[in-house]
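Chains as they are written, first to last, in full-length UniProt numbering: chain D, 1 to 760; chain E, 1 to 760.
Cβ coordinates follow ideal geometry from the N, Cα and C atoms, glycine included.
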């Protein structure tokens, strides 16, 4: 057992005490009993802050999600590194940013193409086989054989995907959009941008869509883009344990996040063929960190992604001209004219979409909360996914077998029409909805000529698909909700068109079902995800009909407003229930009239400019804080009431200890130590338990001088500063720590992003 | 003569001295000789800062452009006001933000419609008349009569417009986009958002376009939107001297700027029918101040603007369906297919556009610098505009009369074909380019069938129009450069198509001249203005052809890159030459390795929490500073080395003095004084010279207590903080003043946005 671990064992009886009281520096030559806790009583205006609660809360929650550090630590090493930089290097660094953006675009598109081609080819085989089975068995009347085949063909891929997700990388479940949102907001979601996650996500989404689950591949594409961006920009991979020794200058949270913004945008561009939608998506989620050059690089990545995808898919499908603008193509609409008096109808549909979307969100989040309690074993998760896969096949067969909606062949672009009980030269429209991927069904609902479906068919379809998609989202599989939501919306939109024609037979001339399907889809999507701006542009770019932008925006806005009356969008709901400390756009109303002293955490564990190794090990082990203010000695030589002169991060201390950057050892290292030492460890710094510092070095003679490592100008505010003002600082600058000081610049407390979310 | 003015007169001999040394409080009971100047020698690490230079520079430049205060001053009055606010009021305030956005959209569209209809109708009359004159006189061979008519019809409106601009409101000259950019960046450009400016701009742009100048109405529309937004959101107007006593809560720079963002977006939406382009335009210029709710409100304003314009113009033109998406409509293109191997051609065109655009910018800015020196009298400016107007008519006639490019009637949608020397059933294609508004010509170049123009015609047109537009932009008239730039680009784009067909006759099948005209227009526009993202979207929305987005973006990006090699975009060039302190996106390289102490201005004029009226009057009169740090008394009771406890603005002090908020007068006012007093004066606070404070009040017994008025938590940084870090604070938070303090929180200096631009 190493000495480092032994220390904890020896003192473990004290540990509980230490956390409650603040840690004491027990082996320091000077005896400082009140060293880094300011007694709660020495301040007269803090009646509503309970320091013990603060410390507990912080140590409990802090272990789960950390913040990213968007702030650059401009310490001596960094400045030394900066002065070495020649103008030529700056140009090269900027140039390599563009090259990386290019690579992000290309790779995102490549991954998207692979997933897309696999899904398309396998699905065609699957549904072709099922159709032949139906055709072969319908004459004998024995329809259970195709049903069993169908169930099996759903079951096998879904089980593979669910197993991968449940056993290999649980964070790959779902669409990944909430996680990317959190990342862009500044929360470090563990393992979210690893290559392993990408692999599981890619295989998972292919198997789920092939397995016929009610989901799409678009959300996961956005997540894939983010992972690719993080991977390419760092030049190293933890999954493969490789370090290419390039791009070391981009190894900090700030640069990495900028690239992830581009990756997410490239993902949207690949998924929907919507480069502008991509940039707006990133904007809507990460608006506070933008600058013009980032906008242009992000745009570049999106364009390249969309372009590459276009070339590859066009080449694959043997076209000479570019046609495949995105994975998901709603098909070009002919110009859709609309009349003044249709606008209220569209708005009404927006309200319907908002309400049904809100209901969907509420049901889904209840269900997922139940799931989190009831289904905890991995095998149970796989089993659940398998059950839903068979459920889908069952409903599909029931609907196809029982509803006899026969339509003449030829009017409809359905690729593989199923005859079932229909006459020759006819096909079953109900079966057609199920015998293809959900994406193809959306396209069919948009473009099928009027009267392609009975009202009963569409109504049944909505009634089945709505709960089915609700159950599906939250399974342990990689799946997005764009497509199923569009599908539900398109179906009821078409239904409304049919009803309108029934009610006012004269309106048949202009009530085109495709138009209403599009509006319904927009309304449903707006009601579920509530992103107005980027969604409008995505739908615009996907349908290619700019003249129709006004109705789409109107619908999305009404849907958002009416949905917001009930609850939040599905992504925000998910983030809230998973207790991620994501900063909202505005400070919560209950914080409106508080000041820094009401929310800051106290006592603060501070360090002096020169600290003993033993003390540093102690504070690292006994607290979970990530930042320690560096103080000048106070009037009595203690750390209490010291003046703030810097801030040092846990990660820096860990590296310092690991590499033995001590004052007492021969000082030749001071000139050789460089910022590289810290970049090499980024982003997964060793845990303090893994540091092996021998007894000799812990003895009194070894200490660390912070001057070289600390951030010499940390952001700080005065105790009386209002919380909204502090919140704005956090949002605008992407802060992780903010030190609260007295008017004499003495440390009084510290604020982190979690302090804005106590009430949750 | 009032006592207030007399003081200056009496002391005027000292004034120069005072500015050099820092102001001394001469009538203070305590004699404090070093009161608010820190002697330059009492600091050991400031060898490279010359305080005299600093002070001089500040007092000289500060008078020209002030900054906006994006930071909310959270003083006691503000907090008192906040606590009075009930949740219901917050909802109402938020609701009224949306209502104002709605109004901004509607009004912007109304103004746009009026301008558009006037221009369209009058231009039709004008060119109809000219055509009849030509037809009547061509037979007699006497073409000087139509030329004289033409000159006159150009001259009269242009002289009216130029006179208005030169004599009434010079700030209304040009497109207004640079000014709006500065405003969004946080610079207060005087009179830029007044209603008088709007009126001059509206009349000016109509007369210039009618007068046949080489300019468009699109840029001015964006400026109009900004003015309308500023006007509506404040509920009062200086031009009309009206105060509607509503919306007082929006009377600060922060709220006003948010609305102006929406107004600019609404202007773009109205000008181009591009609501998404509008939001992206605002984003590209003001990205650092965004949050989600602002995005949505801006988007809402754009949509409403585009929608209103659509309804009105459609109604005006008697259409039942919406067709007029924007003032400027390039006409819907039929789907434009493009081939792989065309992309390099497009990129090459991008390079050409970038180079010619950069040349245009260089010529134009040289010309305007010459103009600023040579043409200073107002009448000279009017005369110059008149000269250019006649020049335009001359060139038009020369070209129409000499080039005999006859084409058969009917192939071409030209509205009023001119026959000139052509056969019956033919029209003169060269004359057609000139006998309509530039906008109509752009549309013609995009949509005329192949072979509508001789190569000679197009080449001559480009050679005339390029210098003509260059001379026109910078005249004392309201005009934008979008349309002339598009026109030049479209003409040479078409030319390239003709050359391609000449060189490779087989390519005639797919080289559509309209496609190349569009690419040429995009290239030229990208080369001149260098806005990639918003321009792509604007062109996309204007042409309605989403499938063509990739070539457009590719062209714009190449144009931007090759143009940036030579110089900046035209708007940035204009801003730079007018010496507006606009913050760039990144700190200039020469500041990279400096810290706060190198750029801060010293000595700082500070105030104590309780100050004599006389002292305040003195500092207001003898300095031009806009912010004064409030300090606790230093150790020796002086203001030197006092601890920073707040910041008070010049505008606040002026209002305090004007309304006599003194300590010594009966103190009942303390409960009645409210933030309204300050809002009432916003944004044009009285000059200190207009304050009439009688001798009695100046006497020792009257003083002002700052505690109630000062911002108690101003942003401050330590002396050693690096400039890039400070710059980021300024950009992210929209700061106006940043106090530099020592590690003991004592005031050492102050930084304003001008301190980042010393080298300019």
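Among the options, which has the Cα closest to the Cα of residue i?
i: residue 159(D); options: 384(D), 746(D), 728(D), 562(D); result: 384(D)
i: residue 230(D); options: 474(D), 462(D), 264(D); result: 264(D)
i: residue 676(E); options: 514(E), 72(E), 65(E), 77(E); result: 77(E)
i: residue 216(E); options: 581(E), 549(E), 440(E), 606(E); result: 440(E)
i: residue 478(E); options: 112(E), 181(E), 220(E), 153(E); result: 220(E)
i: residue 703(E); options: 607(E), 682(E), 721(E); result: 607(E)
i: residue 705(D); options: 612(D), 431(D), 658(D); result: 612(D)
i: residue 483(E); options: 446(E), 456(E), 515(E), 591(E); result: 446(E)
i: residue 458(D); options: 138(D), 258(D), 503(D), 490(D); result: 490(D)
i: residue 585(D); options: 616(D), 725(D), 102(D); result: 725(D)
i: residue 101(D); options: 112(D), 266(D), 73(D), 72(D); result: 266(D)
Starting from residue i and walking both ways along the alpha helix (DSSP H), at which residues does that stretch end?
i: residue 392(E); result: 378 to 402
i: residue 406(E); result: It is not in any alpha helix (DSSP H) - residue 406(E) instead sits in the beta strand (DSSP E) that spans 406 to 408.
i: residue 689(E); result: Per DSSP, residue 689(E) belongs to no alpha helix (DSSP H) and is neither H nor E.
Starting from residue i, follow its DSSP beta bridges and name the residues at the other end.
i: residue 123(D); result: In the DSSP output, where bridge partners are listed per residue, residue 123(D) has none listed.
i: residue 750(D); result: 601(D), 739(D)
i: residue 705(D); result: 610(D)
i: residue 627(D); result: 649(D)
i: residue 643(E); result: 746(E)
i: residue 364(E); result: DSSP, once it has assigned bridges, lists no residue as partnering residue 364(E).
i: residue 66(E); result: 188(E)
Residue i versus chain D: which residues are under 7 Å apart at the beta carbon?
i: residue 720(E); result: 712, 713
i: residue 717(E); result: 713
i: residue 575(E); result: Per Cβ cutoff of 7 Å: no residues; residue 575(E) is ~14 Å from chain D at best.
Could you tell me which chain E residues have their CB closer than 7 Å to the CB of residue i, listed as they occur along the chain?
i: residue 732(D); result: 732, 733
i: residue 547(D); result: 544
i: residue 307(D); result: 550
i: residue 541(D); result: 546
i: residue 725(D); result: 74, 713
i: residue 284(D); result: 292, 295
i: residue 268(D); result: Ordered by position in chain E, no residue passes the 7 Å Cβ test against residue 268(D), which lies about 14 Å from the chain.
Got a sec, what are the start and stop residues for the beta strand (DSSP E) residue i sits in?
i: residue 739(E); result: 738 to 741
i: residue 375(D); result: Neither: residue 375(D) is in no beta strand (DSSP E) and is coded neither H nor E.
i: residue 428(E); result: 426 to 428
i: residue 699(D); result: From DSSP, residue 699(D) is part of no beta strand (DSSP E); its letter is neither H nor E.
Could you work out which residues of chain E lie near residue i, taking near to mean beta carbons separated by less than 8 Å?
i: residue 532(D); result: 296, 299
Please compile the residues from chain D whose C-beta is within a distance smaller than 8 Å of the C-beta of residue i.
i: residue 82(E); result: 592, 593
i: residue 589(E); result: 87, 90
Is it buried or exposed, residue i, if we count other Cβ atoms within 10 angstroms and call 16 or more buried?
i: residue 36(D); result: Only weak support exists for where residue 36(D) lies, its pLDDT of 30 falling under 50; the coordinates are left without a value.
i: residue 157(E); result: buried
i: residue 753(D); result: buried
i: residue 749(E); result: buried
i: residue 684(D); result: exposed
Mind pulling the chain D residues with CB within less than 9 Å of residue i?
i: residue 743(E); result: 632, 643, 644, 645, 745
i: residue 753(E); result: Correct list: empty, because the minimum Cβ distance to chain D is about 16 Å.
i: residue 537(E); result: 276, 537
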